[in-house]
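S.K.:
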Amino acid sequence: MVTTRSAVKAARRPRYSVLLPTYNERENIALIVWLLVETFEKHELDWEIVVIDDNSPDGTQDVVCQLQQQFGEDRILLRPRAGKLGLGTAYVHGLKHATGDFVIIMDADLSHHPKYIPAMVEKQAATGCDIVTGTRYRQGGGVFGWNFKRKLTSRGANLLAQTLLQPGVSDLTGSFRLFRKPCLEKVMALCTSKGYAFQMEIAVRAKRLGYTIEEVPIVFVDRIYGASKLGGAEIVMYLKGLANLFLTT
Numbered sequence: 001m002v003t004t005r006s007a008v009k010a011a012r013r014p015r016y017s018v019l020l021p022t023y024n025e026r027e028n029i030a031l032i033v034w035l036l037v038e039t040f041e042k043h044e045l046d047w048e049i050v051v052i053d054d055n056s057p058d059g060t061q062d063v064v065c066q067l068q069q070q071f072g073e074d075r076i077l078l079r080p081r082a083g084k085l086g087l088g089t090a091y092v093h094g095l096k097h098a099t100g101d102f103v104i105i106m107d108a109d110l111s112h113h114p115k116y117i118p119a120m121v122e123k124q125a126a127t128g129c130d131i132v133t134g135t136r137y138r139q140g141g142g143v144f145g146w147n148f149k150r151k152l153t154s155r156g157a158n159l160l161a162q163t164l165l166q167p168g169v170s171d172l173t174g175s176f177r178l179f180r181k182p183c184l185e186k187v188m189a190l191c192t193s194k195g196y197a198f199q200m201e202i203a204v205r206a207k208r209l210g211y212t213i214e215e216v217p218i219v220f221v222d223r224i225y226g227a228s229k230l231g232g233a234e235i236v237m238y239l240k241g242l243a244n245l246f247l248t249t
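Going by my numbering, 48 is the number at position 48 of the sequence shown; the sequence numbering is gapless.
1) Report the rounded CA-to-CA distance for Phe-71 versus Val-37, giving the unit in angstroms.
2) In the structure shown, what three-state DSSP assignment does Phe-198 receive?
3) Expressed to the nearest angstrom, what Euclidean distance is found between the alpha-carbon atoms of Ile-52 and Ile-76?
4) By the 10 Å Cβ neighbour count, where 16 or more other Cβ atoms means buried, how is Arg-12 classified, buried or exposed?
5) Can you tell me whether Ala-125 is buried or exposed, with buried defined as 16 or more other CB within 10 angstroms of its CB?
6) Does DSSP put Leu-19 in a helix, in a strand, or in coil?
7) Would you call the CB atoms of Val-219 and Gly-141 closer than 8 angstroms?
8) Which residues in the same chain have their Cβ closer than 8 angstroms to the Cβ of Lys-186, if we skip the five residues on either side of it in sequence?
9) Rounded C-beta distance between Arg-79 and Gly-94? I'm assuming under 8 angstroms.
10) Per the DSSP calculation, Trp-47 is bridged to which residue(s)?
11) To the nearest angstrom, how far is it from the Cα of Leu-178 to the Cα of Lys-240?
12) Assuming Gly-94 is part of the alpha helix (DSSP H), what are its boundary residues?
13) Quick check on Ile-29: does DSSP put it in helix, strand or coil?
14) Cβ atoms of Pro-14 and Leu-87: under 8 angstroms apart, would you say?
15) Measuring CB to CB, does Thr-133 end up less than 8 angstroms from Asp-101?
16) Is Val-216 helix, strand or coil when you go by DSSP?
17) Using only CA atoms, which one of Ala-30, Gly-128, Thr-249 and Gln-61 lies nearest to Gln-166?
18) How is Val-121 classed by DSSP in three states: helix, strand or coil?
19) Specify the secondary structure class of Val-64 as computed by DSSP and reduced to three states.
20) Sorted by chain position, which residues of the same chain lie with C-beta nearer than 8 angstroms to Cys-183's C-beta, five sequence neighbours on each side aside?
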């Protein structure tokens, strides 16, 4: 009996590529990778993890090299850059090396727990959508470990974006998402924002292009180790990105 190419393709499991941008995540990278591997293996998902490190001085790359020895260089891909060049460009860089049918973007600092990935995979399979985004602002979602000021800043940023852009997505500033790879490639080619405004822009432009987005509630947990990368400069960059999207989309 001859097996057709289409039948082989249909039988092949989809592969999931995780993009992990890092800067000074030595204390977190091993644990987040272990949790990802455990999740993928438990649910029998084909996977790879692409680490995009911006020349961390704390030895993050050394830990990733040790992880490659344990899990294999075909599973853990280290794709470093010369320095801190922005979150959006880190995803662009990582996507060039991703071989998966689907791409997952998430934080490497343990704020996003891999336990939500199976729900994202199931949601995509059930709906056939192009993007599944984790949301803190639907029933079952939330935030743990933030003070009132940080919560107010996040809520305010989302409310402002919802009012001006009307994207139909409850958590525009969230960075835990699953994409069909062709969708992400097309949308990222249009994005100009850097830093955290990139998350907002990619969701808005995807919606404007007609891509379908579904949501899965997640609980965001503030980082335990290391310092947050969010500062005044990132907030200003976000506001500039919001103004640009309001004027151009």
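Even glycine gets a Cβ: it sits at the ideal position worked out from N, Cα and C. Treat the numbers as computed from the prediction; the structure is a model and nothing was measured.
M.R.: Quick look at the numbers:
1) Position 71 of the sequence shown, counting from 1, holds the residue named residue 71. Position 37 of the sequence shown, counting from 1, holds the residue named residue 37. The straight-line gap from Cα to Cα measures roughly 9 angstroms.
2) Residue mapping note: residue 198 aligns to position 198 of the sequence shown, counting from 1. Looking at Phe-198 - three-state DSSP - the assignment turns out to be helix.
3) Translated into the one-based positions of the sequence shown, residue 52 becomes position 52. Translated into the one-based positions of the sequence shown, residue 76 becomes position 76. About 11 angstroms.
4) As a position in the sequence shown, residue 12 is number 12, starting the count at 1. Flag for Arg-12 reads exposed.
5) Here the question's residue 125 lines up with position 125 in the sequence shown. The C-beta of Ala-125 has fewer than 16 other C-beta atoms within 10 Å across all chains shown, which makes the residue exposed.
6) Along the sequence shown, one-based indexing puts residue 19 at 19. Of the three classes helix, strand and coil, the one that applies to Leu-19 here is strand, per DSSP.
7) The residue you call residue 219 lines up with position 219 of the sequence shown. The residue you call residue 141 lines up with position 141 of the sequence shown. Cβ distance < 8 angstroms, so Val-219 and Gly-141 count as in contact.
8) In the sequence shown, counting from the first residue as 1, residue 186 sits at position 186. Taken in chain order, the residues that qualify are Leu-209.
9) For the purposes of this step, residue 79 is taken as residue 79 along the sequence shown, with counting starting at 1. For the purposes of this step, residue 94 is taken as residue 94 along the sequence shown, with counting starting at 1. Correct: roughly 6 angstroms between the Cβ atoms.
10) Position 47 of the sequence shown holds residue 47. Tyr-16, per the DSSP bridge assignment.
11) The residue you call residue 178 lines up with position 178 of the sequence shown. The residue you call residue 240 lines up with position 240 of the sequence shown. Cα to Cα, Leu-178 sits roughly 26 angstroms from Lys-240.
12) Residue mapping note: residue 94 aligns to position 94 of the sequence shown, counting from 1. 87-95 is the extent of the alpha helix (DSSP H) around Gly-94.
13) The residue labelled residue 29 in the question sits at position 29 within the sequence shown. Three-state DSSP puts Ile-29 in a helix.
14) Start at 1 with the first residue of the sequence shown, and residue 87 comes out as number 87. Start at 1 with the first residue of the sequence shown, and residue 14 comes out as number 14. No.
15) As a position in the sequence shown, residue 133 is number 133, starting the count at 1. As a position in the sequence shown, residue 101 is number 101, starting the count at 1. Not a contact, by the Cβ cut-off of 8 angstroms.
16) Residue 216 sits at position 216 when you count from the first residue of the sequence shown. Note: Val-216 maps to strand in three-state DSSP.
17) Counting from 1 along the sequence shown, the entry for residue 166 is found at position 166. Gln-166 has its Cα closest to that of Thr-249, out of Ala-30, Gly-128, Thr-249 and Gln-61.
18) Translated into the one-based positions of the sequence shown, residue 121 becomes position 121. Helix.
19) Looking up residue 64 in the sequence shown gives position 64. Looking at Val-64 - three-state DSSP - the assignment turns out to be helix.
20) The sequence position of residue 183 within the sequence shown is 183, counting from 1. Result list for Cys-183: Asp-130, Ile-131, Ala-206 and Tyr-211, in chain order.
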